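Residue numbers 341 to 656, in this note's numbering, belong to the letters of the sequence shown in order.
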Amino acid sequence: FFRHTHSSMTAMNVDGRSIVTDKEATATADIILHPLVILNVTDHFTRQKVNNDNKPQRVIGALVGVQTGRKVEIHTSFELVYAMVDGDVVIDPKYLNQKKDQFLQVFPTYEILGWYTSGSGLSERDQIPHKAIMEFNESPLLLLVNCQPTAETRDLPVYIYETVLHIIDEMPVTSFAKVSYRIESEESERISVDHITHLESSVAGDASSLIKQLGGMKDAVFMLQQRVKMIAVYVAKVKEGSHPRDHALLRMILSLCHKLPAMDSEKFNNAYQSEYHDTLLISYLGVLTKGCNVLNDLVDNFNFATERSRRRGLFC
C-alpha cells in the first residue's frame, strides 16, 4: 500500500496541521472490511465512554485479517494498550506481540494489517502509532471510525487510509490518503448483526420475533407452573382432610390429567429419539466442518511453504 509520489503538495498542508491528502487515492489493493470490525470499534468506544463518565475517549486497536496478493480482507480486530506521553500515543509492543501470538495460535493465516482509531479526523500525531504498527506490517492500513457523527452525516462514517510518500523540495514527506473499500459479511456475521439490530429495537419497544417468542414461552411456562402447584396443594389438602371435598372440581382435575400425553408411549419415544439423533447429527456436522477448515488451512500453509522453497531454489 505504500505509495510514492512527487508533487508540490497543494492538496496537503505540510506544516503539521494536516497530514491527509484531499484527493482520494486509487487503492493499490482490493480492500474488504467485515462488519465485525465496525462492531468491535463501536463497542470499544461505547465501553470507554461509559467507564469515563460518558465523556468521549479515543480508542485504539489493531486490525487483523488475511492478505493474499492484492486482496486484503480485514476480518476482526482487538484493543491495544497504550500510554499518552506528551500528548503522543505510545503503543505497548509487548501486549501487541502477545495478542498477535494468541491470534496466530487460533488463526494461523491471520496477520496484523493495520490499526484503528476513533475520531472525526487525523493529525500529525497519528504518525507515531502508525510507525509503531509498521514494525509488524511495513504498509499498514489505518481505519478511522467516527463514533459520534453529526445529524447531517449520510454516509457510513468509516474511512480507511493508506500511507503515501511525497517528495517535496527533495525531502520525503509521508501523509495519509483515503482509499476505497467494500464491506462483505459471512453468514454468521449477518445473523449476529441482525440479532443485535432487533435487540436494540426491542429496547425501544419493538421486539424481534425471536425475543417475543421466547418471552411468551417463558410467561406460559411460569403460569403453568403456578397453576399446577396450586392444584397439587389443593389435592394434598383434600387428601389430608383439612379442606372440604369438591367433587365437581376434582372431576375437572381428573379430566385435565387424562388429557396429558402418556410419556411412555411408542409415538413419544420415536419422536424423542428422532430429535435426539438430529441434535447429535448437527453436532457431528459442526465437528466435521471445523476439521475441514483446519485441514484447508494446513493445505494452504503447505502450498505456501512449498512455493517459497521452490522460489528459493530458483535463485540458489
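Cβ coordinates follow ideal geometry from the N, Cα and C atoms, glycine included.
Keep in mind that this is a model prediction, so the values were computed, not measured.
Please list the terminal residues of the continuous beta strand (DSSP E) segment that includes residue i.
{"i": "P512", "result": "511 to 519"}
{"i": "T503", "result": "498 to 508"}
{"i": "Y456", "result": "451 to 458"}
{"i": "L482", "result": "481 to 485"}
Sorted by chain position, which residues of the same chain lie with C-beta nearer than 6 Å to residue i's C-beta, five sequence neighbours on each side aside?
{"i": "G405", "result": "E413, I414, H415, L453"}
{"i": "R357", "result": "Low confidence applies here, because R357 scores a pLDDT of 43, under 50, leaving its location unreliable; read the following figure in that light. Closer than 6 Å at the Cβ level, and outside the excluded window around R357, lies no residue."}
{"i": "F476", "result": "I452"}
{"i": "D546", "result": "Because the pLDDT of D546 is 49, which lies under 50, any placement of that residue in the model is unreliable, and the number read from its coordinates should be weighed accordingly. Answer for D546: no residue qualifies."}
{"i": "L620", "result": "none"}
{"i": "D509", "result": "none"}
{"i": "L590", "result": "none"}
{"i": "K439", "result": "F418"}
{"i": "K411", "result": "D370"}
Checking 8 Å against the spacing of the C-beta atoms, do residue i and residue j come in under that value?
{"i": "R465", "j": "V504", "result": "no"}
{"i": "V578", "j": "R567", "result": "no"}
{"i": "V377", "j": "T457", "result": "no"}
{"i": "L677", "j": "L484", "result": "Nothing can be reported for residue 677: it is not among the residues displayed for the chain, which extend from 341 to 656."}
{"i": "V409", "j": "W455", "result": "According to the sequence shown, residue 409 is Gly rather than Val. No, the Cβ-Cβ distance between G409 and W455 is not below 8 Å."}
{"i": "L462", "j": "L436", "result": "no"}
{"i": "I593", "j": "V575", "result": "yes"}
{"i": "L481", "j": "I468", "result": "no"}
{"i": "P448", "j": "N641", "result": "yes"}
{"i": "I371", "j": "V519", "result": "yes"}
{"i": "N380", "j": "S417", "result": "yes"}
{"i": "V513", "j": "H506", "result": "yes"}
What span of residues does the alpha helix (DSSP H) with residue i cover, start to end?
{"i": "H598", "result": "587 to 599"}
{"i": "H470", "result": "467 to 473"}
{"i": "L444", "result": "433 to 446"}
Apart from the five residues just before and just after residue i, which ones in its own chain have a Cβ nearer than 7 Å to its Cβ?
{"i": "I523", "result": "L373, P375"}
{"i": "V425", "result": "none"}
{"i": "Q659", "result": "The shown model of the chain, from 341 to 656, leaves out residue 659, and the question about it has no answer."}
{"i": "S460", "result": "N486"}
{"i": "I571", "result": "I593"}
{"i": "D637", "result": "P448, T449"}
{"i": "Q488", "result": "P396"}
By Cβ distance, which residues of its chain are closer than 8 Å to residue i, with the 5 residues on each side in sequence left out?
{"i": "I473", "result": "A402, I431, I452, G454, W455, P480"}
{"i": "Q624", "result": "The question names Gln, yet the displayed sequence has Tyr at residue 624. Cβ within range, chain order: n/a, list empty."}
{"i": "A588", "result": "none"}
{"i": "G427", "result": "R465"}
{"i": "K395", "result": "K389"}
{"i": "V705", "result": "Lying before the first or after the last residue shown, residue 705 is absent from the chain, which here runs from 341 to 656."}
Quick check: does the Cβ of residue i come within less than 7 Å of any heavy atom belonging to the ligand MN?
{"i": "G401", "result": "As presented, the structure is devoid of all ligands, the ligand MN included, so that no description of it is given."}
Please give me, in chain order, every unbroken run of the alpha helix (DSSP H) with length at least 4 that falls completely inside the segment 361 to 429. 375 to 391
Note down, one range per segment and in chain order, each beta strand (DSSP E) of at least 3 residues found wholly within the segment 611 to 636. none
Complete beta strand (DSSP E) runs within the segment 543 to 583 (minimum length 3 residues, chain order): none
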